[in-house]
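Visitor:
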Amino acid sequence: MQKQSFLDDKKIKWSFVDIILVFVFLLILMGITRAYADNIRRIFGSLRFLGMEPKLTLFFFSAMSQAFYILVVTGIIFWFRKATLAEIGLTTHNFLQTLFIGVGGGFVLVFLILLLGVIMVIITKTTPPPQEVATYLLAMDGKWSRLLAFFLGSVMAPLSEEIYFRGMVYPVFRNRFGRLPGMVISGLIFSLMHRDLFRLIPIAVGGIGLAYIFERTKSLWASIFAHSTWNTVMLLLMATGSRLAP
């Protein structure tokens, strides 16, 4: 008999209120960070951090801060709710299989998202502007600055976003509305948080796919690896100036 997953437990230790709390605290912390943007720009402008322009450095400082804030605030709430790593989905059971499924699932998501992007361009007859991260990535000319970009996109962003969106958000909506509605709702929230109207549907589909991977494996590591693969491939396409880049 298959062991029941924490996802099937109707009494998970966190709730919709906690989802809102993370979002509110994130807004407050990012607001404070932006309030000191001029000071940060002056500091990094004088240090010439990794050879980057001050504006470029400020963008990555803000993005790294956001990922860090999500990890810290979500972690504090999980700790306050006395949720274990296993209850969040951070289990090392069948880790190699989880890695294989996650990376493979990531490549499937890349294919689906690129396909959806092409379909949307054909339907709307509009070529979307490049994503903000693509603009900054193409402006980099140093090895270390590009490594920082890949660390942010391939490690920090997937880790923080999966712990929040799939680890915290998805189980709440899944247990309230069911598997498929939970995937769709959490996927839409995930997409809306990226603030990219043209790519709303492709990113939402990606979020649904990540929730599906989490659901099937019962391991958050699988969706983290899938998300990391997705981001890494997209960053490589952007860095090389490929026409396939979304």
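Following my numbering, the numbering of the sequence shown begins with -3 at its first residue and continues without gaps.
Note that CB positions come from ideal geometry on N, CA and C, so glycine has one too.
All figures in this text were calculated on a predicted structure; none of them were measured in a lab.
Would you check if the stretch 54 to 73 and the stretch 19 to 30 touch, i.e. whether three or more CB-CB distances between them fall below 8 Å?
Guide: Yes, they touch.
Visitor: Buried or exposed: which applies to Val106, given that a residue is buried once 16 or more other Cβ atoms fall within 10 Å of its Cβ?
Guide: By the neighbour-count rule (16 or more Cβ atoms within 10 Å), Val106 is buried.
Visitor: To which residues of the same chain is Ser224 closer than 6 Å at the C-beta, ignoring the five residues directly before and after it?
Guide: Answer for Ser224: Ser150 and Pro154, listed in chain order.
Visitor: To the nearest angstrom, how far is the alpha carbon of Val229 from that of Trp217?
Guide: Straight-line Cα distance between these residues: approximately 18 Å.
Visitor: Could you pull the start and end residues of the alpha helix (DSSP H) that Tyr32 belongs to?
Guide: No alpha helix (DSSP H) contains Tyr32, which DSSP labels as neither H nor E.
Visitor: When you compare the stretch 167 to 174 with the stretch 61 to 69, are there three or more beta-carbon pairs, one atom per stretch, that lie closer than 8 Å?
Guide: Result no; under three Cβ-Cβ pairs closer than 8 Å.
Visitor: Using only alpha-carbon positions, find the residue among Glu157, Thr213 and Arg142 that is nearest to Phe186.
Guide: Residue Glu157 is the option with its Cα nearest to Phe186.
Visitor: Report all residues from its chain with a CB closer than 7 Å to the CB of Val117; omit the five preceding and five following residues, and keep chain order.
Guide: Once the five neighbours on either side are set aside, the close Cβ partners of Val117 are Thr123.
Visitor: Between which residues of its own chain and Met189 is the CB-CB distance below 7 Å, once the five residues before and five after are set aside?
Guide: Cβ within range, chain order: n/a, list empty.
Visitor: Determine the burial state of Ala222: buried for a count of at least 16 other Cβ atoms within 10 Å of its Cβ, exposed for fewer.
Guide: Its Cβ being crowded by 16 or more others within 10 Å, Ala222 is buried.
Visitor: Could you round the C-beta distance between Phe103 and Leu231 to whole angstroms and report it? I think they count as a contact, below 8 Å.
Guide: That belief does not hold up - the Cβ atoms of Phe103 and Leu231 are roughly 14 Å apart, past 8 Å.
Visitor: Got a sec, what are the start and stop residues for the alpha helix (DSSP H) Gln93 sits in?
Guide: Residues Phe91 to Thr120.
Visitor: What's the gap between the Cα of Gln(-2) and the Cα of Tyr32?
Guide: Only weak support is given to the placement of Gln(-2): the predicted model assigns it a pLDDT of 46, under 50, and the question is left unresolved by the model.
Visitor: Determine, using beta carbons only, whether Leu86 and Gly163 come nearer to each other than 9 Å.
Guide: Taking 9 Å as the Cβ cut-off, Leu86 and Gly163 qualify as a contacting pair.
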